[in-house]
Amino acid sequence: MKSLAVAGFGLLLSAATTASAADVVVVVSSDSPVDSLSRAELADAYLGRVVRLPSGEPLLPLDQAESSAAYERFYENYLGRTPAQIKAHWSRLIFTGRGRPPPSLRDVETLADRIAATPNAIGYMDAERVGDGLRVVQLE
Amino acid sequence: MAAATMTTTLQVAVGLCCAAVAWMPEAAAEPTLSFDGFGTVGVVHSNEDRADFVSNVFAPDGAGHTRDLSPEVDSRLGLQLGSEFTPRLSGIVQVVVEQRYDDTYKPTLEWANIRFDATPRLTLRAGRMVLPIFLASEYRKVSFANPWVRPPPEVYQTVPATNFDGIAASYRRRLGSYDNHLQLVYGGKDTSTPGGGEIETRNGFTIANTIERGAGTLFASYSRTHITADGFAPLFDAFRSFGPEGEAIANRYDADDTPLNILSAGARYDPGDWFAMGEFALRESRTFIADFRGWYVTGGYRLGAVTPYLTLARVWVASNTSDPGLSNPEAQGFNAALNDLLGSAARQKSIALGARWDFAPSMALKLQLDYLDLDSDSSGVLVNPQPGFRRGGSATLVSLALDFVF
Chain B
1 MKSLAVAGFG
11 LLLSAATTAS
21 AADVVVVVSS
31 DSPVDSLSRA
41 ELADAYLGRV
51 VRLPSGEPLL
61 PLDQAESSAA
71 YERFYENYLG
81 RTPAQIKAHW
91 SRLIFTGRGR
101 PPPSLRDVET
111 LADRIAATPN
121 AIGYMDAERV
131 GDGLRVVQLE
Chain V
1001 MAAATMTTTL
1011 QVAVGLCCAA
1021 VAWMPEAAAE
1031 PTLSFDGFGT
1041 VGVVHSNEDR
1051 ADFVSNVFAP
1061 DGAGHTRDLS
1071 PEVDSRLGLQ
1081 LGSEFTPRLS
1091 GIVQVVVEQR
1101 YDDTYKPTLE
1111 WANIRFDATP
1121 RLTLRAGRMV
1131 LPIFLASEYR
1141 KVSFANPWVR
1151 PPPEVYQTVP
1161 ATNFDGIAAS
1171 YRRRLGSYDN
1181 HLQLVYGGKD
1191 TSTPGGGEIE
1201 TRNGFTIANT
1211 IERGAGTLFA
1221 SYSRTHITAD
1231 GFAPLFDAFR
1241 SFGPEGEAIA
1251 NRYDADDTPL
1261 NILSAGARYD
1271 PGDWFAMGEF
1281 ALRESRTFIA
1291 DFRGWYVTGG
1301 YRLGAVTPYL
1311 TLARVWVASN
1321 TSDPGLSNPE
1331 AQGFNAALND
1341 LLGSAARQKS
1351 IALGARWDFA
1361 PSMALKLQLD
1371 YLDLDSDSSG
1381 VLVNPQPGFR
1391 RGGSATLVSL
1401 ALDFVF
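Here the protein sequences line up with chains B and V, keeping their order.
The opening position of the first sequence corresponds to residue 1 in the working numbering, with each subsequent residue numbered one higher.
The opening position of the second sequence corresponds to residue 1001 in the working numbering, with each subsequent residue numbered one higher.
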């Protein structure tokens, strides 16, 4: 009885985790050579360290608006950083001329269109927004 | 990160540029201009009213004696204009307004350089640019990018120069999950001091390497330059006039194209919820300029938008802080001047407790308490000592700063 309760609780817990992680997914164009990425590579791409595809082309990260819920959840879930930390990170690079933050797209439709049309681009969005021309990336 | 809030990117596509593009096969369709800014509005109070606390050793006065509540110590505004002429050729100009050596606020040109990306890994720059001596050198003035109100003086004041005029090469290489950044710079710099003097560095060579992997960063640099401090030449000429004994003293302490070496190493680990960082610096020259050793460690924990932090720091001097001077009674005044110079080197321990509050997307408010424990017979990092000031005591500072970027 007790072990059943524990198992049930564990199931509940894992369901909860899956749901929150599934909130925002990482996507590429369906023409992208990227099947899977490590979390470290994803973090590198979004922190301004160039991640190269097997072809030698750099992976092009795209951002949602800073004020969007997806932005906050993406950086907190996948990079473990708050928007304030991300801002501080970029102010270290901008004021040295060493880099600029990923281009920020106006809204999720524009982002989806841009990614679908750009094989080396990567982005993120709510799972239910993933439409034609996009593919969810498996994170290792 | 919304480009609209962080920067204003103007697309410049005038006919002139298009004409230039026509014969530059690699040029992008349109050169871009970017405009960014940073700043701090801060006040500092010191309980020691017979000396001043300054954040830049070349500032003539600060908090304590000159002002009970000084806005001059940390306040600053920086504006940066960047332009990408072609995908491989870009330029950057940064102007900073802050308290200067002459107590004015005339804008100073912090950076003005042209950058050429020879290959995706190799970048060449020429002009005025950052001197990469410390872990946070590149953004030591961008307080928003740093946890503290100001970089710990025990390390950062050992090299007050932030830029130089010359050339630089930077090589970035990714090795597995490691990101390596090697920088070589060559050049010099003239720095004006409050007394009306000038400190010149020439033939300065710096090699710096940064390794990043995930949340970790390791930094090390070595710098060798030749330093001349004209303002003190009359003092050493006076010593020389006393014959061989005086010449020996002058040769030991004069800074006349004399080599100066700096070695520094630092590390940072920032997995997200907390961070820790520390640096060690060593400066050496056979001049009156002290052979400093300094270190600090800082740690902080992020509780939502508030980050409390603690810094411990120490600076001491490996060279002599006094000299018997000449036995000739007529040289007593010169002996005293020399000993003043040697004894003024900063020696202290400090502890700083603070909190940073990221209350808006591009703004942070910081409150910091510093307790400076001055070594015996030292003024520590305090300057401008007044009659009645006791060396070897202590001082408590309270600082409030609002940092912003745009």
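Glycine residues also receive a C-beta, built at the ideal position from the N, C-alpha and C atoms.
From a predicted model like this one, the values you see are computed outputs, not experimental measurements.
V1054(V) sits buried, since 16 or more C-beta atoms from the chains shown fall within 10 Å of its C-beta. Residues A1305, V1306, A1364, L1365 of the same chain have their beta carbon placed closer than 7 Å to that of W1357(V), with the five preceding and five following residues left out of the count.
The alpha-carbon separation between L59(B) and R1286(V) amounts to approximately 51 Å.
Under the 7 Å criterion on CB atoms, G80(B) is classed as interfacial with respect to chain V. By alpha-carbon distance to D1377(V), the top candidate from D1340(V), Y1253(V), G1197(V) is D1340(V). Taken atom to atom, the span from the alpha-carbon of I94(B) to that of T1228(V) is near 34 Å. The closest CA to that of R1202(V), considering only R1213(V), Y1186(V), I1211(V), is found on Y1186(V).
If you ignore the 5 residues before and after T1225(V), its C-beta comes within less than 6 Å of the C-beta of T1201, G1204, L1260, all in its own chain and listed in chain order. Interface flag for T118(B) against chain V is unset, since no Cβ pair is found closer than 7 Å. V1095(V) sits in a strand when the DSSP states are folded into three classes. Spanning the alpha carbons of T82(B) and E72(B) requires a straight line of approximately 7 Å. Judged by DSSP in its simplified three-state form, P1031(V) adopts coil rather than helix or strand. Beta-bridge analysis with DSSP links S67(B) to no other residue. The beta carbon of R73(B) sits no closer than 7 Å to any beta carbon of chain V.
In its chain, beyond the 5 residues on either side, G1037, V1095 have a beta carbon closer than 6 Å to the beta carbon of L1079(V). Interface criterion not met: the Cβ of F1406(V) is under 7 Å from no Cβ in chain B. The alpha-carbon of S1362(V) is positioned some 25 Å away from that of E1084(V).
In this structure, F1058(V) and T1191(V) form a Cβ contact; the two beta carbons are roughly 7 Å apart against a cut-off of 8 Å.
For S36(B), no CB of chain V lies under 7 Å from its own CB, so it is not counted at the interface with that chain. Three or more beta-carbon pairs drawn from the region 1057-1073 of chain V and the region 1100-1111 of chain V are found closer than 8 Å, and the two stretches are therefore classed as touching. Here the region 1269-1289 of chain V makes no contact with the region 1238-1247 of chain V; the two share fewer than three CB pairs at distances below 8 Å. In terms of beta-carbon proximity, S68(B) stays away from the interface with chain V, with every pair separated by 7 Å or more. The CB of T96(B) comes closer than 8 Å to the CB of V1130, E1138, Y1139 in chain V, given here in chain order. From the listed residues D1254(V), D1257(V), R1390(V), Q1368(V), the smallest Cα separation to D1074(V) is found for Q1368(V).
Of the residues E1284(V), Q1157(V), Y1301(V), K1141(V), the one whose Cα lies closest to the Cα of V1041(V) is K1141(V).
At a cut-off of 7 Å between beta carbons, R92(B) contacts chain V. Spatial neighbours of L1218(V) in its own chain (CB-CB distance under 6 Å, excluding positions within 5 residues in sequence) are listed in chain order as I1211, A1267. Just so you know, the alpha carbons of R1088(V) and Y1309(V) end up roughly 40 Å apart.
Fewer than three Cβ pairs drawn from the region 1374-1390 of chain V and the region 1114-1129 of chain V lie within less than 8 Å of each other, which leaves the two stretches out of contact. With fewer than 16 neighbouring CB atoms inside 10 Å of its own CB, K1106(V) falls in the exposed class.
Listed along the chain, the chain V residues whose CB falls inside 7 Å of the CB of A88(B) are F1144, A1145. Against chain B, the beta carbon of S1177(V) has neighbours under 9 Å at S38, A40, E41, D44, listed in chain order. Identification of residues in the region 1206-1228 of chain V having a C-beta nearer than 8 Å to some C-beta of chain B yields E1212, G1214, given in sequence order. Close to R49(B), with beta-carbon spacing below 8 Å, are these residues of chain V in chain order: R1174, D1179, E1212. Judged by DSSP secondary structure, F1334(V) falls within the alpha helix (DSSP H) whose first and last residues are 1332-1343. Residues N1261, D1291 of the same chain have their beta carbon placed closer than 6 Å to that of E1284(V), with the five preceding and five following residues left out of the count.
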